[in-house]
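Enquirer:
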Amino acid sequence: LAVTWTPAGTGPDGAAAIVGALLTPDGRADPFPLYARAHALGPVSEIADGRFLVCGHAAVDRVLRDPGFGPAARPPKDPGGAAGGSPSMARSILWAGPPDHGRMRSLISQVFTARRVAALRPAIEDAADALLDGLAESGADGRPADFMDRFAFPLPVTVIGELLGVPAADRHRFRRPAADLTEALELPALASPPGAVHADGPAGAAARELAGYFTRLIRERRAAPRDDLVGALVAARDAGDGRLSDEELLANLVLLLVAGFETTAGLLGNGLAILLDRPDVRAGLRSGEIEVPGFVEEVLRYDSPVQITTRVARTGGLTVGGLPVPEGGEVVLLIGAANRDPARYRDPDRFDPSRRDVKPLSFGAGPHICLGNGLARLEAAVALPRLLARFPEISAVPGAPRTRRDRLVLRGHETFPVRLVPSP
Ligand code: HEM
Numbered sequence: 094l095a096v097t098w099t100p101a102g103t104g105p106d107g108a109a110a111i112v113g114a115l116l117t118p119d120g121r122a123d124p125f126p127l128y129a130r131a132h133a134l135g136p137v138s139e140i141a142d143g144r145f146l147v148c149g150h151a152a153v154d155r156v157l158r159d160p161g162f163g164p165a166a167r168p169p170k171d172p173g174g175a176a177g178g179s180p181s182m183a184r185s186i187l188w189a190g191p192p193d194h195g196r197m198r199s200l201i202s203q204v205f206t207a208r209r210v211a212a213l214r215p216a217i218e219d220a221a222d223a224l225l226d227g228l229a230e231s232g233a234d235g236r237p238a239d240f241m242d243r244f245a246f247p248l249p250v251t252v253i254g255e256l257l258g259v260p261a262a263d264r265h266r267f268r269r270p271a272a273d274l275t276e277a278l279e280l281p282a283l284a285s286p287p288g289a290v291h292a293d294g295p296a297g298a299a300a301r302e303l304a305g306y307f308t309r310l311i312r313e314r315r316a317a318p319r320d321d322l323v324g325a326l327v328a329a330r331d332a333g334d335g336r337l338s339d340e341e342l343l344a345n346l347v348l349l350l351v352a353g354f355e356t357t358a359g360l361l362g363n364g365l366a367i368l369l370d371r372p373d374v375r376a377g378l379r380s381g382e383i384e385v386p387g388f389v390e391e392v393l394r395y396d397s398p399v400q401i402t403t404r405v406a407r408t409g410g411l412t413v414g415g416l417p418v419p420e421g422g423e424v425v426l427l428i429g430a431a432n433r434d435p436a437r438y439r440d441p442d443r444f445d446p447s448r449r450d451v452k453p454l455s456f457g458a459g460p461h462i463c464l465g466n467g468l469a470r471l472e473a474a475v476a477l478p479r480l481l482a483r484f485p486e487i488s489a490v491p492g493a494p495r496t497r498r499d500r501l502v503l504r505g506h507e508t509f510p511v512r513l514v515p516s517p
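Reminder that position 324 of the sequence shown reads as 417 in the UniProt record's numbering, one-by-one numbering, no gaps.
Below, the structure written as structure tokens:
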């Protein structure tokens, strides 16, 4: 009798095959069937020695909150940095561990307050209305208009630009470099070190461009201080108490810009896709039967703009799902799968805005939980109902399909043609 032994994770149905499939164009376009396969293996499975795939809601939440796990180690020098080797996002809060993370996080949260965010509501409403005017113009007479280009990208850029203090005239120039830079976020534990980008590729060029831009803006703020986020962080840097280095100041400004709109644009497009696919949800939202916050939470759960993050064990002696994780062991956290865990949500693949107790992990959890979650929720809650009120008959364009961006970690659309009024 021949006994074949299959190491954990290998084989056509194992965790390694699921990760491999997620990294293909088909997997990126529709990861949800692969998540269902991951759930069938259990909340945690071994991909290979010392590497784990986590899809269970409770298990993802626990790893994110466990201080024993941290963001994967930063590369010593980010090759995508500005000339002279200064880093881009790699020195930011997103990849920092203790004590640097706590120091930067408390500093940034002092200026990125709930009060400052709430005060932005009128500005968000005005920006949304102005962009809806532009959308109406480009879609006049039933012509197709691109929702991503005309609304989903410019709205969050305007808002984060307002908050940071980026002049309005400069905001149009960020879409391409920010999109290129998101390459640095693609499944880092399985590809290159996090935040590192290839210096000669598009992400490297984008990192240099954004670093150059913010270096100039920092210089301007020093010369003429202002009460915006750039001004506040420059002041914190210049207080001379060692709370923020030059490299960290730059890295966090680039991060705030990119994190502030790539993800939120994804949320707006993913929300619109649901509204177009589900006329009942659309009608419920318009009549007020479906409440806006519950709708936004369910969009976040059902089609999270951030699908995956990763962690590394900082020490030995840790476990995940009962499996021992060695020091340096990598853990791939499938946020998008955790949001559809059948053990946590009944009928998880169904979009149901009347669910109770929806706690999407789309903004992460624990010490690195998204600093902009309140802002992103506010933007979606303002923008999507306004869009529906203005264009009650908005529809997809037959023969002009929406396209998804070819990314796994950040999930959103590249183009999204819509018809705003019924064709004549
Ligand atoms: C962190 C998602 C919008 C700024 C994170 C993390 C996630 C996330 C999952 C944690 C990553 C990890 O732990 O590995 C999202 C989503 C958004 C969104 C889905 C929109 C729908 C924003 C906005 C801003 C922002 C609007 C800022 C204006 C940040 C920052 C961090 C972060 C600074 C790092 C926090 C830390 O490391 O302590 N975001 N985000 N995000 N996000 Fe967001």
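Every residue, glycine too, gets a C-beta built ideally from N, C-alpha and C.
None of these values were measured; they are calculated from a predicted model.
#1: Would you tell me roughly how many angstroms separate the C-alpha atoms of residue 525 and Leu365, rounded to the nearest one?
#2: Looking only at its own chain, which residues have a Cβ that is under 6 Å from the Cβ of Gly177, when we skip the five neighbours before and after it?
#3: Any chance the region 472 to 491 sits against the region 258 to 269, with 3 or more Cβ pairs inside 8 Å?
#4: Short of 8 Å in beta carbon distance, which residues of its chain neighbour Val204, apart from the five on each side in sequence? Order them along the chain.
#5: Can you determine whether any heavy atom of ligand 1 sits closer than 7 Å to the C-beta of Phe456, and answer yes or no?
#6: Go ahead and pull the three-state DSSP assignment for Phe509.
#7: Can Pro164 be considered in contact with ligand 1, in the sense that its beta carbon sits closer than 7 Å to one or more heavy atoms?
#8: Please find out if some non-hydrogen atom of ligand 1 comes closer than 7 Å to the beta-carbon of Gly465.
#9: Under 8 Å between the Cβ atoms of Glu420 and Gly409?
#10: State the Cα-Cα distance for the pair Gly174 and Ala332, rounded to the nearest angstrom.
#11: Considering only residues of the region 202 to 268, which uninterrupted alpha helix (DSSP H) runs meet the minimum length of 4 residues and lie entirely inside it, listed in chain order?
#12: Figure out for me which residue from Phe388, Asp320, Phe354, Arg315 has the closest Cα to the Cα of Asp339.
#13: What would DSSP say about Glu355, mapped onto helix, strand or coil?
#14: Can you tell me which of Arg121, Pro491, Val156 puts its alpha carbon nearest to the alpha carbon of Val405?
#15: Examine ligand 1 and report whether any of its heavy atoms sits within less than 7 Å of the Cβ of Ala352.
#16: Determine the burial state of Leu416: buried for a count of at least 16 other Cβ atoms within 10 Å of its Cβ, exposed for fewer.
#17: Quick check on DSSP: helix, strand or coil for Ile462?
#18: Look at the alpha carbon of Arg312 and the alpha carbon of Leu343, and state the distance between them as a whole number of angstroms.
#19: Less than 7 Å between C-beta atoms, sequence neighbours within five positions excluded: which residues of the same chain meet that for Val210?
#20: Alpha carbons only, please: which of Ser380, Gly143, His506 is nearest the one belonging to Ile367?
#21: Nearest-angstrom Cα distance between Ile383 and Val374?
#22: May I have the straight-line CA-CA distance separating Gly143 from Phe354, to the nearest angstrom?
Expert: In short, the structure shows the following:
#1: Here the chain comprises residues numbered 94 to 517, so residue 525 is not present and cannot be evaluated.
#2: Only weak support exists for where Gly177 lies, its pLDDT of 34 falling under 50; the value from the coordinates is given anyway. No residues qualify anywhere along the chain.
#3: no
#4: Leu322, Ala325, Leu326, Ala329
#5: yes
#6: coil
#7: yes
#8: yes
#9: yes
#10: For Gly174, the pLDDT reaches just 42, beneath the cut-off of 50, and the residue's location in the model is therefore unreliable, although a value from the coordinates is still provided. If you take the alpha carbons of Gly174 and Ala332, they lie about 25 Å apart.
#11: 207 to 211, 214 to 231, 247 to 257
#12: Arg315
#13: helix
#14: Val156
#15: yes
#16: exposed
#17: coil
#18: 11 Å
#19: Gly467, Leu468, Leu471
#20: His506
#21: 7 Å
#22: 34 Å
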